[in-house]
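**Student:** Chains as they are written, first to last, in the working numbering: chain A, 92 to 485; chain B, 92 to 485.
Number of protein chains: 2
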Amino acid sequence: MKSLLIRNVRTGAGGPLDVLVEDGRIARLGAAIDVQNACCIEDGAGLLVLPGLVEGHTHLDKTLWGMPWYHNAVAPQLIERIGNERRWRAATRHDAGAQSLALARAFLAAGTTRLRTHVDIDTDAALRHLHGVLATRETLRGQMEIQIVAFPQSGVLKRPGTDVLLAEALRAGADLLGGLDPCAIEGDAVQVLDLLFGLAERHGCGLDLHLHERSTMGAYSLDLILQRTAALQMQGKVAISHGFCLGDLAERERDALLARMAELDVALVTTAPASVAVPPVAACRAAGVTVVGGNDGIRDTWTPYGTPDMLERAMLIGLRNDFRRDDELAIALDCVTHSAARGCGFADYGLRPGARADLVLVDAQTLAEAVVARPVRKLVVAGGRIVAREGRLV
Amino acid sequence: MKSLLIRNVRTGAGGPLDVLVEDGRIARLGAAIDVQNACCIEDGAGLLVLPGLVEGHTHLDKTLWGMPWYHNAVAPQLIERIGNERRWRAATRHDAGAQSLALARAFLAAGTTRLRTHVDIDTDAALRHLHGVLATRETLRGQMEIQIVAFPQSGVLKRPGTDVLLAEALRAGADLLGGLDPCAIEGDAVQVLDLLFGLAERHGCGLDLHLHERSTMGAYSLDLILQRTAALQMQGKVAISHGFCLGDLAERERDALLARMAELDVALVTTAPASVAVPPVAACRAAGVTVVGGNDGIRDTWTPYGTPDMLERAMLIGLRNDFRRDDELAIALDCVTHSAARGCGFADYGLRPGARADLVLVDAQTLAEAVVARPVRKLVVAGGRIVAREGRLV
Numbered sequence: 092m093k094s095l096l097i098r099n100v101r102t103g104a105g106g107p108l109d110v111l112v113e114d115g116r117i118a119r120l121g122a123a124i125d126v127q128n129a130c131c132i133e134d135g136a137g138l139l140v141l142p143g144l145v146e147g148h149t150h151l152d153k154t155l156w157g158m159p160w161y162h163n164a165v166a167p168q169l170i171e172r173i174g175n176e177r178r179w180r181a182a183t184r185h186d187a188g189a190q191s192l193a194l195a196r197a198f199l200a201a202g203t204t205r206l207r208t209h210v211d212i213d214t215d216a217a218l219r220h221l222h223g224v225l226a227t228r229e230t231l232r233g234q235m236e237i238q239i240v241a242f243p244q245s246g247v248l249k250r251p252g253t254d255v256l257l258a259e260a261l262r263a264g265a266d267l268l269g270g271l272d273p274c275a276i277e278g279d280a281v282q283v284l285d286l287l288f289g290l291a292e293r294h295g296c297g298l299d300l301h302l303h304e305r306s307t308m309g310a311y312s313l314d315l316i317l318q319r320t321a322a323l324q325m326q327g328k329v330a331i332s333h334g335f336c337l338g339d340l341a342e343r344e345r346d347a348l349l350a351r352m353a354e355l356d357v358a359l360v361t362t363a364p365a366s367v368a369v370p371p372v373a374a375c376r377a378a379g380v381t382v383v384g385g386n387d388g389i390r391d392t393w394t395p396y397g398t399p400d401m402l403e404r405a406m407l408i409g410l411r412n413d414f415r416r417d418d419e420l421a422i423a424l425d426c427v428t429h430s431a432a433r434g435c436g437f438a439d440y441g442l443r444p445g446a447r448a449d450l451v452l453v454d455a456q457t458l459a460e461a462v463v464a465r466p467v468r469k470l471v472v473a474g475g476r477i478v479a480r481e482g483r484l485v
Numbered sequence: 092m093k094s095l096l097i098r099n100v101r102t103g104a105g106g107p108l109d110v111l112v113e114d115g116r117i118a119r120l121g122a123a124i125d126v127q128n129a130c131c132i133e134d135g136a137g138l139l140v141l142p143g144l145v146e147g148h149t150h151l152d153k154t155l156w157g158m159p160w161y162h163n164a165v166a167p168q169l170i171e172r173i174g175n176e177r178r179w180r181a182a183t184r185h186d187a188g189a190q191s192l193a194l195a196r197a198f199l200a201a202g203t204t205r206l207r208t209h210v211d212i213d214t215d216a217a218l219r220h221l222h223g224v225l226a227t228r229e230t231l232r233g234q235m236e237i238q239i240v241a242f243p244q245s246g247v248l249k250r251p252g253t254d255v256l257l258a259e260a261l262r263a264g265a266d267l268l269g270g271l272d273p274c275a276i277e278g279d280a281v282q283v284l285d286l287l288f289g290l291a292e293r294h295g296c297g298l299d300l301h302l303h304e305r306s307t308m309g310a311y312s313l314d315l316i317l318q319r320t321a322a323l324q325m326q327g328k329v330a331i332s333h334g335f336c337l338g339d340l341a342e343r344e345r346d347a348l349l350a351r352m353a354e355l356d357v358a359l360v361t362t363a364p365a366s367v368a369v370p371p372v373a374a375c376r377a378a379g380v381t382v383v384g385g386n387d388g389i390r391d392t393w394t395p396y397g398t399p400d401m402l403e404r405a406m407l408i409g410l411r412n413d414f415r416r417d418d419e420l421a422i423a424l425d426c427v428t429h430s431a432a433r434g435c436g437f438a439d440y441g442l443r444p445g446a447r448a449d450l451v452l453v454d455a456q457t458l459a460e461a462v463v464a465r466p467v468r469k470l471v472v473a474g475g476r477i478v479a480r481e482g483r484l485v
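Here you go:
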């Protein structure tokens, strides 16, 4: 791969810099880099450079991105939405391969170079969605790093055979094991968590568990999860997605749980939805918990909303947490860059020599402005190659 | 003015339509309109047509839109933010004329053709901001209809002379009288409301009052406002902006207040912020209250956020209220179109013969998609003239 020199970019601190990319990695960062060898030179034009953006929680397999408008008339209960989707996908033979690729490409064009997606595994669809997303991962290899969570969206305990499919999914290439509301959906928190942690232990994989349960029910489930994380010494391998209970427990109870999460290096993944109680990002970080931002589903049968733009998600995290100061907006941005990479375990991340050369150039005066204005991605470099200009893949 | 025929647009219901515009108004809407006279013909290309968008609550005079980035390090208390802004504007000689025009033009390019702005009146700046915004209104006359609220941002009671300035502002061209937190900021709810309602009565103008007060304090202030609205027979002339207390009172107490607001035709203006309790839009509408959407300040010393895009505000209203179904997204859109026009009293509104020809064309399959995708405004017609294409003023 030919080396690439991007001249004259800003990081938000200090003067203008050049970035030299060699063999897919950042070789040097500095003022007026002198290159001897043949090299592509790109004019950064004084733009702001960000590290490749990180999506910590989405559902590539579910999306209707680019499809005809889905008329949503679904009842609001979680269980209704789950059933509606399962039936709809069976009826339409939803193509998780084509759809996940379309959405992943849109993410890449908007500067996301690392992404964790949950993929539905159930006894109706078996591994059909997984195979689609595995194909997408293969197609985008070298450009986008995709982590796949084998996710039992329809529950494990009430649909016998799901556990076997989850094990198959992990053998077939899923990176982590997922799960969902041990009390409210599964109905037997101890049994399902023993099953999931047992599976994860046997496969040597991490866990990323959806926890929508509110208040004390959520606290109960979270306690059980933390107990098992400690007992199996899975420090740094478990993430809690949503964790709404951390948004409505009393502070003392919340902080006790956050302290245990920090101790066990359990990450929190938040989409910062505006309509429910959510874990306060500042309190989570103050307790030492790594906070990861995510979009959740984008334009699917669950929700009409969503764009594959992690700067927009950072903005929504900022709005939800009333982050107004520049130092607070830096936290929102961190949730979709450095913290997200750390929480998901994406290696070789950042704007530093040796890191994978994932770069995003935007026309913004400051990092804070990049979050609130979400400007078009002038240039996206992924794995050392230019993959997008002006918000479009090249 | 030459007439204008826009061929082949969709309203979201029924088949393709043509829209004939004559003398700044919609003359006809129908299939395959035949025109005899000379006429500009515009190909609507099957795009979705919306009525001109309505901004119900902003602060044109405060914005830093297009200026160098403002580094925000302000303390979170309301009173700190008020003082910080007043000092900052005095020190920088902030140009409310140029700034309000820049932001108003950006609103227009994004399809907003009617707008209500609060303008700061205080004993430091006197009517300086007002004169700037009056100039903007004059510049945009015929394209954008701007309502001006004379707004005592720094309070009335504690800054003697403010009441005199408010009266001057109304004589100078402000349309409505504003106000702010009768208990929490003014410190004497009865006295300040008597003063403001008295002023409004003498000037024959309406009132639009900021009410950030939470819970029972807000309920107390709101009750006093409703008492005076009834006593002075100001039905249909009073609006409550924010009304956060309606988001955290017990339902029974909230619904009693909503019923009185509906009875007195007091509109509620909401920006649906994600980080505080807010009036639930569905409950307000169910009670018969007209709900108006607004952005509040955009990129000012208060907040770094905001875009002059009412479709984005509709999306944020939808997200805050967990509106996912198509019929719910229609409510979010209504808050920045028909309901907003009704609540603010903008006349001759809508997609119907006789209405002012304010039209917005977007590439969206459905009204719901227009809200969640916020597509570029392909064409904006204001007062019968094409004012913007592809999101830019022409």
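Just so it is clear, CB atoms sit at the ideal spot from N, CA and C, and this is done for glycine as well.
Among the residues of its own chain, which have a CB less than 8 angstroms from the CB of residue 380 of chain A, if the five just before and after it don't count?
**Tutor:** These residues qualify, in order along the chain: 349, 352, 353, 357, 358, 359.
**Student:** If we define contact as Cβ-Cβ less than 8 angstroms, is residue 119 of chain A a contact residue for chain B?
**Tutor:** No, no contact with chain B.
**Student:** How far does the beta strand (DSSP E) with residue 299 of chain B in it extend, from its first residue to its last?
**Tutor:** Where residue 299 of chain B is concerned, the enclosing beta strand (DSSP E) stretches over 297-302.
**Student:** Have a look at the DSSP bridge pairing and note the partners of residue 382 of chain B.
**Tutor:** Its beta-bridge partners are B/359.
**Student:** In the segment 388-401 of chain B, which residues sit with their C-beta less than 9 angstroms from some C-beta in chain A, listed in chain order?
**Tutor:** Going along the segment 388-401 of chain B in chain order, one finds 390, 393, 394, 395, 396, 397, 398 with a Cβ nearer than 9 angstroms to chain A.
**Student:** Taking the alpha-carbon of residue 411 of chain A as reference, which of A/441, A/423, A/434, A/417 has the nearest alpha-carbon?
**Tutor:** Answer by Cα proximity: A/423.
**Student:** Could you pull the start and end residues of the alpha helix (DSSP H) that residue 227 of chain B belongs to?
**Tutor:** Residues 219-230.
**Student:** Let me check one thing: in DSSP terms, what residues is residue 333 of chain B bridge-paired to?
**Tutor:** According to DSSP, residue 333 of chain B bridges with B/302.
**Student:** Residues of the segment 408-419 of chain B with a CB closer than 8 angstroms to any CB of chain A: list them in chain order, please.
**Tutor:** Under the 8 angstroms Cβ criterion, the segment 408-419 of chain B contributes 409, 410, 411, 412, 413, 415, 416, 417, 418.
**Student:** Between the C-alpha atoms of residue 337 of chain A and residue 362 of chain A, what's the straight-line distance to the nearest angstrom?
**Tutor:** In a straight line, the C-alpha of residue 337 of chain A is about 13 angstroms away from that of residue 362 of chain A.
**Student:** Between which two residues does the alpha helix (DSSP H) harbouring residue 435 of chain B extend?
**Tutor:** Unbroken alpha helix (DSSP H) run through residue 435 of chain B: 429-435.
**Student:** Between the segment 435-449 of chain B and the segment 413-427 of chain B, are three or more C-beta pairs nearer than 8 angstroms?
**Tutor:** With a cut-off of 8 angstroms, the segment 413-427 of chain B and the segment 435-449 of chain B do not count as touching, because too few Cβ pairs lie within range.
**Student:** Using a Cβ-Cβ cut-off of 7 angstroms (strictly less than) and excluding sequence neighbours within five positions of residue 215 of chain A, which residues of its own chain qualify?
**Tutor:** Hits under 7 angstroms: 177, 181.
**Student:** Is the CB of residue 463 of chain A under 8 angstroms away from at least one CB in chain B?
**Tutor:** With 8 angstroms as the cut-off, residue 463 of chain A counts as an interface residue toward chain B.
**Student:** How about residue 203 of chain A and residue 401 of chain A: do their beta carbons lie closer than 8 angstroms?
**Tutor:** A contact, by the Cβ cut-off of 8 angstroms.
**Student:** Counting only Cβ-Cβ distances shorter than 8 angstroms, please list the residues of the segment 155-187 of chain A near chain B, keeping chain order.
**Tutor:** Residues 159, 160, 162, 163, 164, 165, 167.
**Student:** Have a look at B/120, B/291, B/163 and flag the residue whose alpha-carbon is nearest the alpha-carbon of residue 100 of chain B.
**Tutor:** Of B/120, B/291, B/163, the residue nearest in Cα terms is B/120.
**Student:** My parser needs the beta strand (DSSP E) runs of 3 or more residues fully inside the segment 244-291 of chain A; what are they?
**Tutor:** The segment 244-291 of chain A contains these whole beta strand (DSSP E) runs: 267-271.
**Student:** Under three-state DSSP, which class holds residue 480 of chain B?
**Tutor:** Residue 480 of chain B: strand per DSSP, three-state reduction.
**Student:** Using CA coordinates, which residue listed in B/270, B/206, B/287, B/154 is at the minimum distance from residue 304 of chain B?
**Tutor:** Cα-wise, what sits closest to residue 304 of chain B is B/270.
**Student:** What's the C-alpha gap between residue 233 of chain B and residue 226 of chain B?
**Tutor:** If I take the Cα positions, the gap works out to 14 angstroms.
**Student:** Just to check my reading of the structure: residue 332 of chain A and residue 150 of chain A have Cβ atoms closer than 8 angstroms, yes? What is that Cβ distance to the nearest angstrom?
**Tutor:** About 11 angstroms separates the two Cβ atoms, so there is no contact after all.
**Student:** Compile a chain-ordered list of the residues in the segment 292-326 of chain A whose CB is closer than 9 angstroms to at least one CB of chain B.
**Tutor:** Listed by position, the residues of the segment 292-326 of chain A near chain B (Cβ gap below 9 angstroms) amount to none.
**Student:** In whole angstroms, what is the alpha-carbon distance linking residue 220 of chain A and residue 290 of chain A?
**Tutor:** Roughly 20 angstroms between the two C-alpha positions.
**Student:** Please return the same chain residues whose Cβ sits closer than 8 angstroms to the Cβ of residue 310 of chain B, not counting the five positions on each side in sequence.
**Tutor:** Once the five neighbours on either side are set aside, the close Cβ partners of residue 310 of chain B are 336, 340, 344, 348.
**Student:** Which residues share a DSSP beta bridge with residue 391 of chain A?
**Tutor:** Looking at the DSSP assignment, residue 391 of chain A forms no beta bridge with any residue, so it has no partner.
**Student:** Can you pull the chain A residues whose beta carbon is under 7 angstroms from the beta carbon of residue 366 of chain B, in chain order?
**Tutor:** Under the 7 angstroms cutoff, chain A gives 410, 411, 412, 413.
**Student:** Quick one: does residue 190 of chain B have its CB under 8 angstroms from some CB of chain A?
**Tutor:** False, the Cβ-Cβ gap to chain A never drops below 8 angstroms.
**Student:** With 8 angstroms set as the bound, which would you pick, yes or no: does the beta-carbon of residue 403 of chain A sit closer than that to a beta-carbon of chain E?
**Tutor:** Absent here is chain E; the protein component of the structure consists of chains A and B.
**Student:** Grab me the residues of residue 378 of chain B's own chain with a C-beta within less than 8 angstroms of its C-beta, minus the 5 sequence neighbours each way, in chain order.
**Tutor:** Answer for residue 378 of chain B: 346, 349, 350, 352, 353, listed in chain order.
**Student:** Our contact map puts residue 261 of chain A next to residue 296 of chain A with C-beta atoms below 8 angstroms; I'd like the distance itself, whole angstroms only.
**Tutor:** With a Cβ gap of about 6 angstroms, residue 261 of chain A and residue 296 of chain A count as contacting.
**Student:** Under 7 angstroms between beta-carbons, which chain A residues line up against residue 460 of chain B? List them in chain order, please.
**Tutor:** Neighbours of residue 460 of chain B on chain A, chain order: 160.
**Student:** For residue 162 of chain B, which of A/117, A/417, A/283, A/421 has the nearest alpha-carbon?
**Tutor:** The option with the nearest alpha carbon to residue 162 of chain B is A/417.
**Student:** Since residue 456 of chain B meets chain A, which of its residues come closer than 9 angstroms, beta carbon to beta carbon?
**Tutor:** Near residue 456 of chain B (Cβ distances below 9 angstroms), the residues of chain A are 159, 160.
**Student:** Exposed or buried, residue 276 of chain B, counting other C-beta atoms within 10 Å across all chains shown (16 or more means buried)?
**Tutor:** Its Cβ being crowded by 16 or more others within 10 Å, residue 276 of chain B is buried.
**Student:** Tell me, to the nearest whole angstrom, how far the beta carbon of residue 484 of chain A is from that of residue 477 of chain A; I am working on the premise that it is less than 8 angstroms.
**Tutor:** Going by Cβ atoms, the distance from residue 484 of chain A to residue 477 of chain A rounds to 10 angstroms, so no, they are not a contact pair.
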